[in-house]
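Structure first, then comments.
Protein chains in written order, with this note's numbering: chain A, 25 to 280; chain B, 17 to 119.
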């Protein structure tokens, strides 16, 4: 894929559908000097859903529901990248450390598109879930089988590197598959209204901000600070800011 | 460039008549001496369309598929007029403070 097409692909769907081809042409004509402006503009649009024109009614809400689940998927990958830590991961002995998950769970509950009772058939759910989750499920199964078989107990260095790449590719595919499921569900199910999505984004952002603060406190206490913990704190902070910014923008739309 | 500035420039050039994205940028270059970056230009177009200050001009579907020609709406003209009048007041006050009589 050309860099210019990739740049156009960074934009929210409504903008991409309208201007994607022209953005791609302009970026190709202007060269890499235009990349910072193009990327910054795309990021700003993602943070301001009220700036998206709508091709179809409810398009913004559908995309926002997927955006919220993408934020949660990235959070999961981020936490996994630094290994489960007692600072943030649910621990029966320290339940307070997991309180940040509560607003996120509420947010998920509010944002998930619900199929109408008429649509809740096994066939419908299968059609929604099977295609996006088939490849990740097979990848997880292959990983499980190879781990249980004992074939990879003492891998050589290249084999170890390949296994790590495979593991992360599987996690990435699973995250993408979950987002694709939400996107497919949102096409046919009742997508939450602006009010609920706004609350969901703000709750998720609050949960992530709490997690970032918890992580920051650990970074400050431990000397010397661990690079992974700093990266998690920054990552959680950025994700919290993205969710709160989008929720705040949506709140402004409702007020107008 | 600030997104509001980009939006005002787009509205200003569209006030002369419908244009497509590339032509809008050429008109902005004629007006200000420099083009907008692709992100600034198409970000401004998206925001203005979302606020219904501009809309696609009726035209050939084939042409619209390749280049969307946009035109300013009545609400867009009102918004541009209000913004330009405010800028004119600021400009007048600034020039007066510098001892230069406005043209």
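Ideal placement from N, C-alpha and C gives every residue a C-beta, glycine not left out.
No Cβ-Cβ contact shorter than 8 Å links residue 87 (chain B) with residue 27 (chain B).
Contact between residue 52 (chain B) and residue 22 (chain B) holds: CB atoms are separated by about 6 Å, below the 8 Å threshold.
In the structure shown, the three-state DSSP call for residue 89 (chain B) is coil. Within chain A, the residues 43 have their CB atoms less than 7 Å from the CB of residue 61 (chain B), given in chain order. DSSP places residue 81 (chain A) in the coil class of the three-state scheme, outside both helix and strand. At a cut-off of 8 Å between beta-carbon atoms, residue 68 (chain A) makes contact with chain B. Under the DSSP assignment, residue 116 (chain B) falls outside any beta strand (DSSP E); it carries neither an H nor an E label. Leaving aside the five residues that flank residue 164 (chain A) on each side, the residues in its chain whose CB is nearer than 8 Å to its CB run, in chain order, 194 and 198.
For residue 37 (chain A), no Cβ of chain B is located within less than 8 Å of the residue's own Cβ.
When Cβ pairs closer than 8 Å are counted between the two stretches, the stretch 51 to 69 of chain B is seen to touch the stretch 61 to 77 of chain A, the count reaching three or more. Against chain B, the CB of residue 268 (chain A) has no partner CB under 8 Å away; the residue lies outside that interface. Residue 129 (chain A) counts as exposed, since fewer than 16 other beta carbons sit within 10 angstroms of its beta carbon. The C-beta of residue 87 (chain A) comes no closer than 8 Å to any C-beta of chain B. Residue 218 (chain A) and residue 188 (chain A) have their C-alpha atoms roughly 40 Å apart. About 6 Å separates the CB atoms of residue 38 (chain A) and residue 79 (chain A); that is less than 8 Å, so the two are in contact. When the five nearest sequence neighbours on each side are left out, the beta carbons in the same chain lying within less than 7 Å of the beta carbon of residue 43 (chain B) are those of 29 and 35, in order along the chain.
Note on geometry: alpha-carbon atoms of residue 255 (chain A) and residue 208 (chain A) lie some 32 Å from one another. Checking the DSSP bridge columns, you'll see residue 70 (chain B) partnered with B:88. Between residue 253 (chain A) and residue 239 (chain A), the C-beta gap is smaller than 8 Å, which places the two residues in contact. If you check the CB distance, residue 81 (chain A) and residue 139 (chain A) do not come in under 8 Å. Put simply, the CB of residue 74 (chain B) is far from chain A, with every gap to its CB atoms at 8 Å or more.
In the three-state reduction of the DSSP assignment, residue 117 (chain A) falls in the coil class, being assigned neither a helical nor a strand state. Pairing residue 94 (chain A) with residue 203 (chain A) gives a Cβ-Cβ distance under 8 Å.
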